[in-house]
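Below is one structure, written out as structure tokens; comments come after it.
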Amino acid sequence: MEAEAARPDRRAERAAARRRRDRRGFAIAAASTVLVIGGLTALILTSSGWPAVRETFFNATVFKESFPDVAKAFWLDIRVFLIVEVAVLALGLLVALIRTSRAAAMFPLRLLAILYADIFRGIPTILLVYLIGFGIPALANSDAEGSSTLSWLPTEPVVLGAIALTLSYGAYVSEVYRAGLRSVHPGQRDAALAIGLTERQAMRHVVIPQAVRNVGPPLLNDFISLQKDVALIAIIGVSGEAFQVAQIMASTDFNYTPLLC
Numbered sequence: 008m009e010a011e012a013a014r015p016d017r018r019a020e021r022a023a024a025r026r027r028r029d030r031r032g033f034a035i036a037a038a039s040t041v042l043v044i045g046g047l048t049a050l051i052l053t054s055s056g057w058p059a060v061r062e063t064f065f066n067a068t069v070f071k072e073s074f075p076d077v078a079k080a081f082w083l084d085i086r087v088f089l090i091v092e093v094a095v096l097a098l099g100l101l102v103a104l105i106r107t108s109r110a111a112a113m114f115p116l117r118l119l120a121i122l123y124a125d126i127f128r129g130i131p132t133i134l135l136v137y138l139i140g141f142g143i144p145a146l147a148n149s150d151a152e153g154s155s156t157l158s159w160l161p162t163e164p165v166v167l168g169a170i171a172l173t174l175s176y177g178a179y180v181s182e183v184y185r186a187g188l189r190s191v192h193p194g195q196r197d198a199a200l201a202i203g204l205t206e207r208q209a210m211r212h213v214v215i216p217q218a219v220r221n222v223g224p225p226l227l228n229d230f231i232s233l234q235k236d237v238a239l240i241a242i243i244g245v246s247g248e249a250f251q252v253a254q255i256m257a258s259t260d261f262n263y264t265p266l267l268c
């Protein structure tokens with residue numbers, strides 16, 4: 008009876024010891040963090056060049072003047088990002104499904120999917136924006152007789168920029184999807200076929216849902232990069248893009264605070 012009565016006391020003591028250890032660890036972590044960040048901050052703020060850096064990049068007056076215009080232009084970036092994100096998800100999944108298809112009749116499409124993924128992943132995004140942004144309008148231009156067989160191609164800079172970003176990131180996302188599809192055990196597909204599902208139903212209801220769940224974190228990384236690369240469409244003359252607006256403001260007096268808005 009005494010041993011049984013002592014057990015709750017020992018458990019309470021161990022719990023109290025764990026709480027004390029956790030509190031001590033938190034205090035040490037907080038103190039070391041404050042010490043490191045405070046030391047770095049003091050080192051920067053006391054340097055002789057800090058006033059020039061503050062005036063050039065962190066000017067409060069310039070920030071207040073430029074922020075409304077940059078924030079208004081940022082809405083275009085958000086719209087382009089959301090549209091391209093949906094297009095990239097669809098294109099990447101389509102290419103991944105083609106590459107993992109086992110049908111012999113799909114071999115030409117598999118070859119095209121492989122070439123697309125390998126080539127477009129090797130082209131820098133900024134170069135692809137240039138190629139699409141200036142190449143497609145050149146193809147759509149009329150000849151000397153005023154006619155063009157490709158006059159139906161889009162020529163709006165924002166549309167061309169979105170197409171370039173979609174093609175670039177679609178190649179990367181297709182590989183992420185393909186890795187996710189390969190990560191699903193073949194037994195899952197075989198079991199789905201064994202209970203009477205067709206190949207398409209097995210992919211739709213069994214394989215793809217598991218693959219998408221597995222590739223969530225890598226896809227999030229790609230979309231973080233995409234959100235930053237949306238600014239590249241400014242190089243082909245997209246009017247009202249946030250980076251372009253900030254760049255124009257910065258070029259007037261060589262103060263780069265608008266770029267940090």
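With the working numbering as the guide, the letters of the sequence shown map in order to residues 8 to 268. Backbone N, C-alpha and C fix where the C-beta goes; we use that ideal spot for every residue, glycine too. In this text, all values refer to a predicted model and were calculated from it rather than measured experimentally.
Cβ pair residue i, residue j closer than 8 Å
| i | j | result |
| --- | --- | --- |
| S181 | V102 | yes |
| G187 | V219 | yes |
| S175 | F230 | no |
| P115 | I143 | no |
| L98 | G177 | yes |
| V91 | T40 | no |
Cβ-heavy atom distance, residue i to the ligand NAD, below 7 Å
| i | result |
| --- | --- |
| A97 | The ligand NAD is not part of this structure, which contains no ligands at all. |
First through last residue of the alpha helix (DSSP H) which encompasses residue i
| i | result |
| --- | --- |
| R211 | No alpha helix (DSSP H) holds R211; DSSP gives it neither H nor E. |
| G244 | Run containing G244: none; DSSP gives neither H nor E here. |
| V93 | A67 to T107 |
| V191 | Segment: none, V191 is in no alpha helix (DSSP H) and carries neither H nor E. |
| A63 | Reading the sequence as shown, one finds Thr at residue 63 and not Ala. First-last of the alpha helix (DSSP H) with T63: W57 to F64. |
| I130 | First-last for I130: undefined, no H or E at that position. |
| L204 | First-last for L204: undefined, no H or E at that position. |
| S232 | G223 to D236 |
Whole-number beta carbon distance between residue j and residue i, since they are thought to touch under 8 Å
| i | j | result |
| --- | --- | --- |
| I243 | P131 | Not quite, the Cβ-Cβ distance comes to about 15 Å (not below 8 Å), so this is no contact. |
| V87 | I240 | 7 Å |
| A135 | A94 | Reading off the sequence shown, one finds Leu at residue 135, where the question assumed Ala. With a Cβ gap of about 15 Å, L135 and A94 do not count as contacting. |
| L226 | V183 | 6 Å |
Candidates the options, of which the one nearest residue i by Cα
| i | options | result |
| --- | --- | --- |
| G168 | Y179, T205 and D236 | D236 |
| L119 | R106, G129, W159 and A110 | R106 |
| R109 | A201, R17, R207 and D84 | R207 |
| Y137 | L96, V245 and R17 | V245 |
| Q234 | L89, I202 and A37 | L89 |
| A222 | S232, L200, L96 and S158 | A quick correction: the sequence has Val, not Ala, at residue 222. Minimum Cα distance to V222 is reached at L96. |
Chain-order list of residues whose beta-carbon lies under 7 Å from that of residue i (same chain, five-residue window excluded)
| i | result |
| --- | --- |
| R196 | A209, V213 and V214 |
| Y123 | V102 and A178 |
| T63 | N262 and Y263 |
| K79 | none |
Beta carbon proximity, residue i to chain B, threshold 8 Å
| i | result |
| --- | --- |
| I240 | Judged by its chain identifiers, the structure shown contains no chain B, having just a single protein chain. |
Close beta carbons around residue i, own chain, < 8 Å, minus the five adjacent residues each side
| i | result |
| --- | --- |
| R211 | none |
| L204 | H212 and V213 |
| R25 | none |
| M8 | Because M8 sits at a pLDDT of 49, beneath the cut-off of 50, its placement in the model cannot be relied upon, and the following sentence gives the value as read from the coordinates. If we look at M8 and ignore the five residues flanking it on each side, it has no Cβ neighbours. |
| W57 | I51 |
Cβ-based neighbour list, residue i, same chain, cut-off 6 Å, excluding 5 preceding and 5 following
| i | result |
| --- | --- |
| D125 | none |
| I55 | The sequence given here has Ser at residue 55, not Ile. Within the same chain, S55 has no close Cβ partners at all. |
| I139 | L167, I170 and A171 |
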